[in-house]
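Enquirer: In our numbering, the protein residues as written are 1 to 341.
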Amino acid sequence: MKVAFFSTKSYDRQFFESVNSRYNHELTFYDVPLSIKTAILATDCPAVCLFVNDTVDAATLEVLASRGVRLLALRSAGFNHVDLPKAADLGIKVVRVPAYSPYAVAEHAVTLVLALNRKIYRAYNRVRDDNFSLEGLLGFDLHGCTVGVVGTGRIGIVFAQIMQGFGCSLLGYDAFPNAQFTAIAHARYVDLPELLAHSDIISLHCPLLPETHHLINATAIAQMKPNTMLINTSRGGLIDTAAVIHGIKSGQIGYLGIDVYEQEEELFFQDLSDTIIQDDTFQLLQSFPNVIITAHQAFFTRNALEAIATTTLSNITHFEQGEPLENEVVYHPPASVQKTV
Ligand code: NAD
1 MKVAFFSTKS YDRQFFESVN SRYNHELTFY DVPLSIKTAI LATDCPAVCL
51 FVNDTVDAAT LEVLASRGVR LLALRSAGFN HVDLPKAADL GIKVVRVPAY
101 SPYAVAEHAV TLVLALNRKI YRAYNRVRDD NFSLEGLLGF DLHGCTVGVV
151 GTGRIGIVFA QIMQGFGCSL LGYDAFPNAQ FTAIAHARYV DLPELLAHSD
201 IISLHCPLLP ETHHLINATA IAQMKPNTML INTSRGGLID TAAVIHGIKS
251 GQIGYLGIDV YEQEEELFFQ DLSDTIIQDD TFQLLQSFPN VIITAHQAFF
301 TRNALEAIAT TTLSNITHFE QGEPLENEVV YHPPASVQKT V
């Protein structure tokens, strides 16, 4: 099947071309993101392959449908960027990669915890500058800390297991609690206010849904312990960035590690080192010494890229052959709480 890929980078081409030797689809790679202006590139392609920051709104979907697109193959787990009701109206199916490597994302969340705690970014630069002072590098033992895990699905569970290995106690919060979490030693479910009030480290692993938008807002931050470490590798919209900046200034948030940012579409996955960044909020966040920002790289391991390419191309083959789509994203009415990501 002819597939138009948007927002592609060299690594997408490398992994998809290699895995496609088993599937034999006709792949065309475009660097540009999908938008109403670029949708025309999908002409005569029944399938398009998209990533997290492509624009998949109603207007763009109409152009895609008019060009013959019948399948959106998302090479991501999250699908909050897709106008699902509109896609359903137009008869366009949506498939995704529900799980590729929970280890990749969970391990990156742990990386942020460790780097923030021991200030590895400062230490690295200091030693390169022949500055061997330890002033300002003081950390704390993770052993004995309480870690709050918001969303105990595939990634949240792996994160919890790793943190348990450090000797942490775990508090979980989930709209759909599961036995895998409580099977971890020193792990128990609590409600969100209790998790916020008692955790030294809070890591977000739930999907972005209307009910989780700005889950971490001024009220939630006020309920946290002073000096809490907040980690977000899920979706930027889970955090009210202005409230978090206020929390950092007041000392309520002592450390912030984020791999996602609410306005990341304008920034991430591009080299903007030669340009003037217009996003003042992002620049202010960057200026704090207790903040680490990575640019949506948590998924970026070779294991995950291979799994993403395999599941995506297999999803397309199932669609082409009229087989049931096990990874289809089915539109649910907005009032219902969804289990899907
Ligand atoms: P998952 O579906 O396995 O787990 C999500 C968990 O969140 C589930 O247990 C679900 O019950 C829970 N949940 C749903 N609604 C909730 C609510 N209102 N409050 C609290 N919990 C709720 O998903 P996963 O594979 O663990 O992925 C988690 C998130 O990680 C995804 O939503 C995605 O946005 C993000 N992600 C980020 C990257 C990255 O590179 N940074 C890569 C993959 C996934």
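Don't be surprised by glycine CBs; every beta carbon is placed ideally from N, CA and C.
Everything numeric in this text was worked out from a predicted model, so none of it was measured.
Output needed for G91: all residues of its chain with C-beta closer than 8 Å, excluding positions within five of it in sequence on either side, in chain order.
Expert: Excluding positions up to five away in sequence, the list reads A65 and R70.
Enquirer: Would you mind stating whether N290 and L112 have Cβ atoms separated by less than 8 Å?
Expert: No, Cβ-Cβ distance for N290 and L112 is not below 8 Å.
Enquirer: Taking 7 Å as the cut-off, is the CB of D174 close to at least one heavy atom of the ligand NAD?
Expert: Yes, since a heavy atom of the ligand NAD falls inside the 7 Å radius drawn around the Cβ of D174.
Enquirer: Would you call the region 92-99 in contact with the region 306-320, where contact means no fewer than 3 C-beta pairs closer than 8 Å?
Expert: Yes, they touch.
Enquirer: With a cut-off of 8 Å on the beta carbons, I'd call Q263 and F282 a contact; round off their distance for me.
Expert: The Cβ separation is near 7 Å, so the contact holds.
Enquirer: Measure the alpha-carbon distance for A39 versus F300 and round it to whole angstroms.
Expert: One C-alpha to the other measures close to 26 Å.
Enquirer: From the DSSP output, which residues share a beta bridge with A4?
Expert: Its beta-bridge partners are T28 and V48.
Enquirer: Where does E62 fall in DSSP's three states?
Expert: In this structure, E62 counts as helix in the three-state DSSP scheme.
Enquirer: Starting from L71 and walking both ways along the alpha helix (DSSP H), at which residues does that stretch end?
Expert: It is not in any alpha helix (DSSP H) - L71 instead sits in the beta strand (DSSP E) that spans L71 to L74.
Enquirer: Taking E62 as the reference, which of T43, R302, H214 and F166 has the closest Cα?
Expert: Nearest option by C-alpha distance: T43.
Enquirer: What's the gap between the Cα of I277 and the Cα of E323?
Expert: Taking the straight line joining both Cα atoms gives about 46 Å.
Enquirer: Distance check for Q164 and I157, CA to CA, integer angstroms please.
Expert: Their Cα atoms are separated by approximately 10 Å.
Enquirer: Suppose you measure from the CA of V150 to the CA of P33; what does that come to, to the nearest Å?
Expert: Going by the C-alpha atoms only, they are around 31 Å apart.
Enquirer: Can you give me the C-alpha to C-alpha distance between I239 and T219, rounded to a whole angstrom?
Expert: So the two alpha carbons sit approximately 12 Å from each other.
Enquirer: As an exercise, report each continuous alpha helix (DSSP H) stretch of at least 4 residues that is fully enclosed by the region 190-260, in chain order.
Expert: Here the runs fully enclosed are 192-198, 218-223 and 241-250.
Enquirer: Does the beta-carbon distance from L171 to R188 come in below 8 Å?
Expert: In contact: L171 and R188 (Cβ atoms closer than 8 Å).
Enquirer: On the CB-based measure, 16 or more other CB atoms within 10 Å of its CB, does H143 come out buried or exposed?
Expert: By the 10 Å Cβ count, H143 comes out exposed.
Enquirer: Is it the case that the CB of G165 approaches a heavy atom of the ligand NAD more closely than 7 Å?
Expert: No, since every heavy atom of the ligand NAD falls outside the 7 Å radius drawn around the Cβ of G165.
Enquirer: According to the Cβ coordinates, are V3 and C45 closer than 8 Å?
Expert: For V3 and C45, yes; Cβs fall inside 8 Å.
Enquirer: Can N178 and T146 be called in contact, C-beta distance under 8 Å?
Expert: Not a contact, by the Cβ cut-off of 8 Å.
Enquirer: In the DSSP output, what is N281 paired with across the bridge?
Expert: The displayed chain sequence assigns Thr, not Asn, to residue 281. Note: T281 sits in no beta bridge, so no partner.
Enquirer: Here's the rule: buried if 16 or more other CB atoms are within 10 angstroms of the residue's CB, otherwise exposed. What is V127?
Expert: Result: exposed.
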